[in-house]
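Engineer: Let me give you the structure first, and then I'll get to my questions.
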Amino acid sequence: QSALTQPASVSGSPGQSITISCTGTSSDVGGYNYVSWYQQHPGKAPKLMIYDVSNRPSGVPDRFSGSKSGNTASLTISGLQAEDEADYYCTSYASGSTLVFGGGTKLTVL
Amino acid sequence: QVQLVESGGGVVQPGRSLRLSCAASGFPFSTYGMHWVRQAPGKGLEWVAFIWSDGNDKYSADSVKGRFTISRDNSKNTLDLQMNSLRAEDTAVYYCGRDRGLKYLDYWGQGTLVTVSS
């Protein structure tokens, strides 16, 4: 149950696009199309932003998109806004009926 | 609307036990699997345990296996986490979350803080 690998931090200016990567193995990210992404503002509970690699729950802006290639999933945020500044976590179903989270990425909007 | 409210957190000495609860409302609790996820201070999220809707199958992280037990009472719409032999590294905010097919959590509670310290 090793954590998925995410960059510790990314940054971008308002209006720009950023991408956060999430690297796992063939036993988790690469083996299933069950990657999800969560946004967490300081002191708040996580919020689901993307599920099943690329699906957005109702109410999540279409500026948020997800994709996957091999053992690496990605979250892209286009048209960055100040309120997007938060921590982002990926997670994946893993063999053995478990979930594994990434270490988290701090997004700074410059 | 879906609501998940955790309770039971507090300060506990190493080696002691604590029981967390999560009260669910706004959805048919007995038809959903449920998770516990924790977050140590200043750290990332860590999946802790999962229980299927009927309570018959449960899974837990290696870090808590043999010490933590997840359970549920569908008649009371509650999810529990019994934590035994607590260690300093178990200090964290504990969140309960609603499951979607053991793939992701679509709703989360606000969390309850557990501090393990002498």
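For the record, the sequence lines run as chains A and B. Residue numbering for the first sequence follows my numbering, beginning at 3 and increasing consecutively. Residue numbering for the second sequence follows my numbering, beginning at 3 and increasing consecutively. For each residue, glycine too, the CB sits at the ideal point set by N, CA and C. Remember, it's a predicted structure, so these values are computed and weren't measured experimentally.
1) By the 10 Å Cβ neighbour count, where 16 or more other Cβ atoms means buried, how is B/Leu22 classified, buried or exposed?
2) Would you check if the region 90–107 of chain B and the region 36–44 of chain B touch, i.e. whether three or more CB-CB distances between them fall below 8 Å?
3) What do you get for A/Gly26, buried or exposed, if any count of 16 or more other CB atoms within 10 angstroms of its CB means buried?
4) Taking 8 Å as the threshold (beta carbon to beta carbon), is A/Gly68 in contact with chain B?
5) Mark B/Ala42 as exposed unless 16 or more other C-beta atoms lie within 10 angstroms of its C-beta, in which case mark it buried.
6) Between the Cα of A/Gly81 and the Cα atoms of A/Trp39, A/Gly17, A/Ala10 and A/Leu6, which residue gives the shortest distance?
7) Report the residue from A/Val55, A/Pro9 and A/Leu50 whose alpha carbon sits nearest the alpha carbon of A/Val62.
8) Anyone know if the C-beta pair for A/Thr93 and A/Phe103 falls short of 8 Å?
9) With distances taken Cα to Cα, identify the nearest neighbour of B/Trp49 among A/Ser11, A/Tyr91 and A/Lys108.
10) In angstroms with no decimal places, state the Cα-to-Cα distance between A/Leu77 and B/Gly68.
11) With 7 Å as the C-beta to C-beta threshold (strictly closer), list the residues of the region 65–90 of chain A near chain B in chain order.
12) Using alpha carbons as the reference points, say which of B/Ala51, B/Gln5, B/Gly46 and B/Leu115 lies closest to B/Thr82.
13) Kindly indicate if chain A contains any beta-carbon less than 8 Å away from that of B/Gln112.
14) Using only the alpha-carbon positions, how far apart do B/Ser73 and A/Gly14 sit?
15) Given a threshold of 16 other Cβ atoms within 10 Å of its Cβ, counted over all protein chains shown, does A/Asp86 qualify as buried or as exposed?
16) Looking at B/Val7: is its Cβ nearer than 8 Å to the Cβ of B/Gly113?
17) Check the Cβ-Cβ distances between B/Lys67 and every residue of chain A, and say whether any is below 8 Å.
18) Do A/Asp89 and A/Thr107 count as a contact pair if the criterion is CB distance below 8 Å?
19) Of the residues B/Val116, B/Tyr109 and B/Ser120, which one's Cα is nearest the Cα of A/Tyr40?
20) Going along chain B in order, which residues have a C-beta closer than 8 Å to the C-beta of A/Thr27?
21) Note down, in chain order, every chain A residue with its Cβ under 9 Å from the Cβ of B/Ala26.
22) Based on the DSSP secondary-structure assignment, which residues constitute the bridge partners of A/Lys49?
23) With respect to the beta strand (DSSP E) encompassing A/Ala96, which residues constitute its N-terminal and C-terminal limits?
Structural biologist: Considering the structure as presented:
1) buried
2) As far as the Cβ criterion goes, the region 36–44 of chain B touches the region 90–107 of chain B, which means the pair count is three or higher.
3) buried
4) no
5) Taking all protein chains in view, the Cβ of B/Ala42 is surrounded by fewer than 16 other Cβ atoms within 10 Å, so the residue is classified as exposed.
6) A/Gly17
7) A/Leu50
8) yes
9) A/Tyr91
10) 35 Å
11) So nothing in the stretch comes that close.
12) Per the sequence shown, the amino acid found at residue 82 of chain B is Asp instead of Thr. Comparing Cα positions, the closest option is B/Ala51.
13) B/Gln112 counts as touching chain A.
14) 43 Å
15) When all chains shown are included, A/Asp86 counts as buried.
16) Not a contact, by the Cβ cut-off of 8 Å.
17) no
18) Yes. Within cutoff.
19) B/Tyr109
20) Per Cβ cutoff of 8 Å: no residues; A/Thr27 is ~16 Å from chain B at best.
21) Chain A residues near B/Ala26: none, gap ~14 Å exceeds 9 Å.
22) Its beta-bridge partners are A/Gln41.
23) Ala88 to Ala96
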